Amino acid sequence: MSEGKPRAVGLLGGGVIGGGWAARFILNGVNVRLYGPSSRSVERVQKMIANARRAYRRLTLLPLPSEGSLTVVESVADAARGVELVQESAPDRLGLKQQLLAAASRAAAPETLICSSTSGLRPSLLQAEMDHPERLLVAHPFNPVYLLPLVELCAGHRTAPETLDRATAIFRAVGMHPLLVRNEVDGFIANRLQEAVWREALWLVQDNLATVQEIDDAVRYSIGLRRAVMGPIQTYRLAVPVSSARRSMEQFRPGKIPWTKLTEVPEFTDAFIDKLAEQSDAQAANLTIPELEQKRDDCLVAVLQGLRAQGYGAGETLARWEKGLRDRAPQRTNGSDPLRMPMREIPCDWIDYNGHVSESRYLELFGNATGILLRYIGIDGEYLSKSGSYQAVETHLSRLRGLCAGDRVEVLTQVLGADDKCLRLFHTLTRERDDQPAATGEQMLVHVDAQSRRIGPAQANVRERVLELARMHAELPRPERAGASIELR
1412 MSEGKPRAVG
1422 LLGGGVIGGG
1432 WAARFILNGV
1442 NVRLYGPSSR
1452 SVERVQKMIA
1462 NARRAYRRLT
1472 LLPLPSEGSL
1482 TVVESVADAA
1492 RGVELVQESA
1502 PDRLGLKQQL
1512 LAAASRAAAP
1522 ETLICSSTSG
1532 LRPSLLQAEM
1542 DHPERLLVAH
1552 PFNPVYLLPL
1562 VELCAGHRTA
1572 PETLDRATAI
1582 FRAVGMHPLL
1592 VRNEVDGFIA
1602 NRLQEAVWRE
1612 ALWLVQDNLA
1622 TVQEIDDAVR
1632 YSIGLRRAVM
1642 GPIQTYRLAV
1652 PVSSARRSME
1662 QFRPGKIPWT
1672 KLTEVPEFTD
1682 AFIDKLAEQS
1692 DAQAANLTIP
1702 ELEQKRDDCL
1712 VAVLQGLRAQ
1722 GYGAGETLAR
1732 WEKGLRDRAP
1742 QRTNGSDPLR
1752 MPMREIPCDW
1762 IDYNGHVSES
1772 RYLELFGNAT
1782 GILLRYIGID
1792 GEYLSKSGSY
1802 QAVETHLSRL
1812 RGLCAGDRVE
1822 VLTQVLGADD
1832 KCLRLFHTLT
1842 RERDDQPAAT
1852 GEQMLVHVDA
1862 QSRRIGPAQA
1872 NVRERVLELA
1882 RMHAELPRPE
1892 RAGASIELR
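Take the sequence shown: its letters are residues 1412 to 1900, numbered as in my numbering.
Right, here's the structure in full:
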């Protein structure tokens, strides 16, 4: 394992949750052994991997690791052998899960971690038939597993303490936010909260107080957005302009105003189910399930990217995962050639009113290419905090050809010159299979000292590497547009 990431995992079940696990692991470079009794499991999982691949291309500009393999096996034992983790995602029927987990426990190596995706069953019940119950815990994810970072970890009475530590490391390594459920409780934490809202929504529809569309709008345009930043308790804490948390909690004491039906649930008669289905279909506006899934994924990507810009909540989890991708990305140069940024597909939301890539996106690509070069010369987190980094003081952009959504592009970066304090770069953006550049960018950067925040010389190995790179790149042909002023050609 590298930094907690397993080499291979075994998945029991290829439904919505099992397929989501497959997508998250495979796109993080982990080999998957899938046991799915359904004949449609493989097709369903492959479609989910394709959805995840599309979403990840929009989620991050950083190169993903080489994809793991998907191997379909014929038995639980085959899935459990030769893996560091077994993740069970069968339907929530206690007998079925106990049978699968017991079979996995018998076949897996002693050090293999075994987890269940159950949405509500207590782990102590799941351990009952296992030979080695000390290595089992619940790892409850949320759909879509490949995008939503939360995974609730809950240990049973016979779970070894180190099992939680190992599970935490594994799930963090694939971009998730492990949340420890400290006491066994039916439904764990998030589902108990989610079900309470679901019960009240059902009563609002049953009593003709609101439609499905109105209820969903009430959440989507208010508390749903806020929930991505803060939970329900902190929300009430901030709802009253008082300094005392106790005073604010007293003001919103449950039951003080009888607004909700609390735990009562309406009877699911045929008429009520018809009402729910009819209103849900109307809300979907004739979109198919795949179209709704892609719309959901696109919106989640946008929320996650927005939170990443703030370094908050799930955005911090995304930033940490991206840092791991960045640190592990291979350098694509032998030193004497221009540095090559990994090929990138242009997403549809990069397109402006003319149908082409907007100017800011060219600058973003060139900025990412500069970041690759800075990491190549040795500017890491330690150097940033102690010595400083380079900052762009001047950038010249030339757009030579239009780019459209779906185009695959790469950036080559050449050092035009460098001294102790300055670094001059030239970027060439080309479309896959094109001989001529689509855009070029020229940058002047200066080294800024971390303590004084003033221009100062690069330090130690960074200085040596940048001067050596400049010396080697001086042997390359000078780019035609280097130093060119604005002109029409």
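We treat Cβ as the ideally placed atom computed from N, Cα and C, and that holds for glycine.
Model, not experiment: these values are computed from the prediction.
query	result
Residue 1901 classed as buried or exposed, judged by whether at least 16 other C-beta atoms fall within 10 angstroms	Nothing can be reported for residue 1901: it is not among the residues displayed for the chain, which extend from 1412 to 1900.
Cβ neighbour criterion (16 or more within 10 Å) applied to residue 1422	buried
Residue from 1798, 1696 and 1893 whose Cα sits closest to the Cα of residue 1863	1798
Whole-number beta carbon distance between residue 1518 and residue 1488, since they are thought to touch under 8 Å	4 Å
Beta-bridge pairing of residue 1860 - partner residues as DSSP gives them	1799
Cβ-based burial, residue 1895 [other Cβ within 10 Å; buried from 16]	exposed
Option in 1521, 1613 and 1474 with minimal Cα separation from residue 1678	1613
Whether residue 1604 touches residue 1563 by CB criterion (9 Å)	no
Residue 1400, DSSP secondary structure in three states	In this structure the chain extends from 1412 to 1900, so residue 1400 is not present and cannot be described.
Span of the alpha helix (DSSP H) around residue 1884	1871-1884
C-alpha gap between residue 1534 and residue 1542, whole angstroms	14 Å
Burial state of residue 1452 (16 or more Cβ within 10 Å)	buried
Inter-stretch contact (C-beta, 8 Å, three-pair minimum) for the stretch 1825-1834 and the stretch 1863-1873	yes
Residue 1729 vs residue 1482 beta-carbon contact at 9 Å	no
Any 3 or more C-beta pairs closer than 8 Å across the stretch 1622-1634 and the stretch 1592-1606	no
Within 9 Å, strictly: CB atoms of residue 1442 and residue 1418	yes
Pairwise C-alpha distance: residue 1568 and residue 1734	36 Å
Cα-Cα separation, residue 1726 to residue 1886	43 Å
Nearest-angstrom beta carbon gap, residue 1813 and residue 1393 [assumed within contact, 8 Å]	Residue coverage of the chain in this structure runs from 1412 to 1900, which leaves residue 1393 outside it and unanswerable.
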